[in-house]
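Residue numbers for the sequence shown follow full-length UniProt numbering, so the first one is 1 and each next one is one higher. The beta carbon of each residue, even a glycine, is placed where N, CA and C say it ideally should be. See structure below.
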Amino acid sequence: SETNGNDKDFKMVKNPDVDTSFLPDRDREDAENRLREELRQEWVAKQEAMKNEEIEITFSYWDGSGHRRSVRMKKGNSVYQFLQRGLEILRKEFNELRSVSADHLMYIKEDLIIPHHYTFYDFIVNKARGKSGPLFHF
Numbered sequence: 001s002e003t004n005g006n007d008k009d010f011k012m013v014k015n016p017d018v019d020t021s022f023l024p025d026r027d028r029e030d031a032e033n034r035l036r037e038e039l040r041q042e043w044v045a046k047q048e049a050m051k052n053e054e055i056e057i058t059f060s061y062w063d064g065s066g067h068r069r070s071v072r073m074k075k076g077n078s079v080y081q082f083l084q085r086g087l088e089i090l091r092k093e094f095n096e097l098r099s100v101s102a103d104h105l106m107y108i109k110e111d112l113i114i115p116h117h118y119t120f121y122d123f124i125v126n127k128a129r130g131k132s133g134p135l136f137h138f
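This is the structure:
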């Protein structure tokens, strides 16, 4: 093609004042993903450490009169594991519990029947409340 004297060769130049932070940037995204993963791993480690903290749980076996005992558990233990440990303690004193399994027991806290699959960690983290306030004070 012919060029006449009026056409000039234009050179494209980037404007350094333009904000490009909204544009995709692989390096920035990789750095953000690394930071996000580091923070996730740190959070998971803190949660695992919290689940391994020991707590003392006082419970009462009711057979017409209350028999109070306490047991040390980890926050990450389930209610079922707690009932098993409590049953081991109670079997030494109560012969009628020799043939009972933890499946036959209920954990009642204040006015709530607590299902076996929950962990104490679940209640602590979610700050579960009963009628009279927090369910657990650990």
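Asked: Count the other C-beta atoms from every protein chain shown that fall within 10 angstroms of the C-beta of residue 32, then say buried if there are 16 or more, exposed otherwise.; Found: exposed
Asked: Indicate, with yes or no, if the ligand SAH has a heavy atom lying under 7 Å from the CB of residue 51.; Found: The ligand SAH is not part of the structure shown, which contains no ligands of any sort.
Asked: Once the 5 residues before and after residue 51 are set aside, which same chain residues still bring their CB inside 6 Å of it?; Found: 75, 76 and 121
Asked: Decide yes or no for the touch test of the segment 78–89 against the segment 106–119: beta carbon pairs closer than 8 Å, at least 3 of them.; Found: yes
Asked: Drop a sphere of 10 angstroms on the beta-carbon of residue 10, count the other beta-carbons inside from all chains shown, and report buried for 16 or more, exposed for fewer.; Found: exposed
Asked: Can you tell me which of the three DSSP states residue 118 falls into?; Found: coil
Asked: With a cut-off of 8 Å, do at least 3 Cβ pairs link the segment 56–68 to the segment 32–44?; Found: no
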